[in-house]
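Read the structure below first, then the notes.
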Amino acid sequence: MSSILGTVLPIVVVFGIFWFLVIRPQKQRQEERQDMLSELNVGDKIVTVGGIKGEIKEIDGDDLKLKIASDVEIEITRQSIGRLQQENSTTEEQETE
1 MSSILGTVLP IVVVFGIFWF LVIRPQKQRQ EERQDMLSEL NVGDKIVTVG
51 GIKGEIKEID GDDLKLKIAS DVEIEITRQS IGRLQQENST TEEQETE
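Using UniProt numbering, count along the sequence shown one by one with no gaps and you end on 97.
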């Protein structure tokens, strides 16, 4: 009995540490990304996983039309969105003061 416990216990401890350090944070990041993708609205400024910056002009299910320059729109999927583009208006106001 003691030898089985001595063999199994370290494996369980290693798995528990692995779960807390790797799997749990990854699931939390995945949930945050899904929330961000589901809350997208027309007018939001985004950056794609390929680095293209633009403004959402139209949303049709999983497809979005993204304005990347004047008179230039591309169609992308929600999964190609990397992140929302941060607004720098507060930083610019502080620099001018």
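Glycine included, C-beta positions come from ideal geometry on N, C-alpha and C.
Pick from the options that is closest to residue i, judged by C-alpha positions
{"i": "GLU73", "options": "GLU55, GLU87 and VAL12", "result": "GLU55"}
{"i": "residue 152", "options": "GLU58, VAL8 and PRO25", "result": "Outside the modelled stretch of the chain, which goes from 1 to 97, sits residue 152, for which no answer is possible."}
{"i": "GLY50", "options": "LEU5, SER3 and GLN79", "result": "GLN79"}
C-beta atoms of residue i and residue j nearer than 8 Å
{"i": "LYS53", "j": "LEU84", "result": "no"}
{"i": "ASP62", "j": "THR77", "result": "yes"}
Close beta carbons around residue i, own chain, < 8 Å, minus the five adjacent residues each side
{"i": "GLU87", "result": "LYS45"}
Cut-off 6 Å between Cβ atoms - residues of its own chain near residue i, not counting five sequence neighbours on either side
{"i": "LYS67", "result": "GLY54, GLU55, LYS57 and GLU73"}
{"i": "GLN26", "result": "none"}
C-beta neighbour in chain C for residue i, strict 8 Å
{"i": "LEU66", "result": "Included in the structure is just one protein chain, with no chain C present."}
Integer Cβ distance of residue i from residue j, believed to fall under 8 Å
{"i": "ILE81", "j": "LEU37", "result": "6 Å"}
Contact set for residue i: own chain, Cβ-Cβ below 7 Å, skip 5 residues either direction
{"i": "VAL47", "result": "LYS53, GLY82, ARG83 and GLN85"}
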